[in-house]
Amino acid sequence: MELTAPLVLALPKGRILDEVMPLVRAAGIEPEAAFDDPKSRALKFDTNIPGLSIIRVRAFDAATFVAFGAAHLGVVGNDVLREFDYDDLYSPLDLGIGYCRLSVALPNEMAQEIKAAGRTDSDGLSHVRVATKYPNITRQFYAEKGVQAEVVKLNGAMELAPALQLTPRIVDLVSTGGTLKANGLQEVDTLMEITSRLVVNRSAFKIRPKELSYWTDKFRDALASLSSKGA
43 MELTAPLVLA LPKGRILDEV MPLVRAAGIE PEAAFDDPKS RALKFDTNIP GLSIIRVRAF
103 DAATFVAFGA AHLGVVGNDV LREFDYDDLY SPLDLGIGYC RLSVALPNEM AQEIKAAGRT
163 DSDGLSHVRV ATKYPNITRQ FYAEKGVQAE VVKLNGAMEL APALQLTPRI VDLVSTGGTL
223 KANGLQEVDT LMEITSRLVV NRSAFKIRPK ELSYWTDKFR DALASLSSKG A
């Protein structure tokens, strides 16, 4: 397919990358060999499609690259979409990968007391102190319950916050719950369920609707194909 200018696909590093690559390849996109070379420090890669390259970035940054037009399409979790709420992101397709949840967690003793009393973490509270890398979602969640959230923003090692008395509770991503258990924490509430989405820059979509619709359809077909094989 002839492209008038290079298109850029932003993919997140880590676990989601492993899950999304079968879809990328099923859509007909094969990155250059360096993409799969663990020794490569490159962040931008050519593909078998003339005029289409891939960038590999942090999950939060994938949304930013697409929202500001540095990339034209990408893969972003709906947690990131909600946290940043970029107007310039259009999300046409839920890829159904990267499932996890965003949850409130407390030390075991506090969590057990709450559960035994049959109440939620926010019952009877007017103020909470919480560590998270999702300050906007967290404040909104507690505000809807009439609770003011004092947020301590951390980008990692969230589970240390209660143990070191930084905050009594955290809001973090949970998949199996193994990390929480290993650090003496339990989930007490869920803010949202999370999957990864295909996102497109709205301005780019207006300027290049045929090309970006083409790739949206290719990912949709790839998702249907892989889903039918797994059924």
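With the working numbering as the guide, the letters of the sequence shown map in order to residues 43 to 273.
Cβ coordinates follow ideal geometry from the N, Cα and C atoms, glycine included.
Query raised in the report: Since residue 145 contacts residue 229 with CB under 8 Å, what's their CB separation in whole angstroms?
Result: Residue 145 to residue 229, Cβ: 4 Å. Contact.
Report task. From the DSSP output, read off the bridge partner residues of residue 228. Result -> DSSP output for residue 228 lists 148 as bridge partner(s).
**Report entry** residue 95 versus residue 68: straight-line alpha-carbon distance, rounded
**Finding:** Roughly 16 Å separates the two Cα atoms.
Query raised in the report: Which residues in the same chain as residue 100 place their Cβ atom closer than 8 Å to its Cβ, once the five residues preceding and following it in sequence are excluded?
Result: These residues qualify, in order along the chain: 54, 55.
Report task. Ignore the nearest five residues each way along the sequence and tell me which others in residue 227's own chain have a CB closer than 8 Å to its CB. Result -> Here the set comprises 147, 148, 149, 150, 153, 201, 204, 212.
Query raised in the report: Does DSSP put residue 55 in a helix, in a strand, or in coil?
Result: The three-state reading of DSSP puts residue 55 in coil, since its state is none of H, G, I, E or B.
Query - residue 220, DSSP secondary structure in three states - result: Here residue 220 sits in helix by DSSP.
Requested in this report: Kindly indicate which residue of 172, 90, 133, 62 has the alpha-carbon position closest to the one of residue 207.
Outcome: Looking from the CA of residue 207, the closest CA among 172, 90, 133, 62 belongs to 172.
Requested in this report: Express the C-alpha separation of residue 139 and residue 273 in angstroms, rounding to a whole number.
Outcome: At residue 273, the pLDDT of 47 sits below 50, so the modelled position is not reliable and the matter cannot be decided from this model.
Query raised in the report: How should residue 110 be labelled, buried or exposed, when 16 other C-beta atoms within 10 angstroms of its C-beta is the threshold for buried?
Result: Exposed is the call here.
Query raised in the report: Under a three-way DSSP split, which group does residue 264 fall into?
Result: In the structure shown, residue 264 falls within a helical segment according to DSSP collapsed to helix, strand and coil.
Requested in this report: Return the chain-ordered list of same chain residues with a C-beta closer than 7 Å to the C-beta of residue 120, the five sequence neighbours on each side being excluded.
Outcome: Taking C-beta separations shorter than 7 Å and ignoring five residues to either side along the sequence, the partners of residue 120 in its chain run 236, 237, 239, following chain order.
Query raised in the report: Excluding five sequence neighbours on each side, which residues of the same chain lie with their C-beta closer than 7 Å to the C-beta of residue 221?
Result: Here residue 221 has 201 as same chain residues with Cβ atoms under 7 Å from its own Cβ, once five neighbours each way along the sequence are excluded.
Query - Straight-line gap, residue 193 to residue 178 (C-alpha atoms, nearest Å) - result: Cα to Cα, the separation comes out at about 9 Å.
Requested in this report: Would you kindly report the start and end of the unbroken beta strand (DSSP E) that includes residue 331?
Outcome: This structure does not reach residue 331, given that the chain is present from 43 up to 273, and the question cannot be answered.
Query raised in the report: Count the other CB atoms within 10 Å of the CB of residue 274; is the residue buried (16 or more) or exposed (fewer)?
Result: Because the chain in this structure spans residues 43 to 273, residue 274 falls outside the shown range and cannot be described.
Query raised in the report: Does the region 125-141 come within contact of the region 157-164, defined as at least 3 CB pairs closer than 8 Å?
Result: Verdict: no, contact absent.
Query raised in the report: Would the beta-carbon of residue 254 fall within 7 Å of that of residue 242?
Result: The beta carbons of residue 254 and residue 242 sit closer together than 7 Å.
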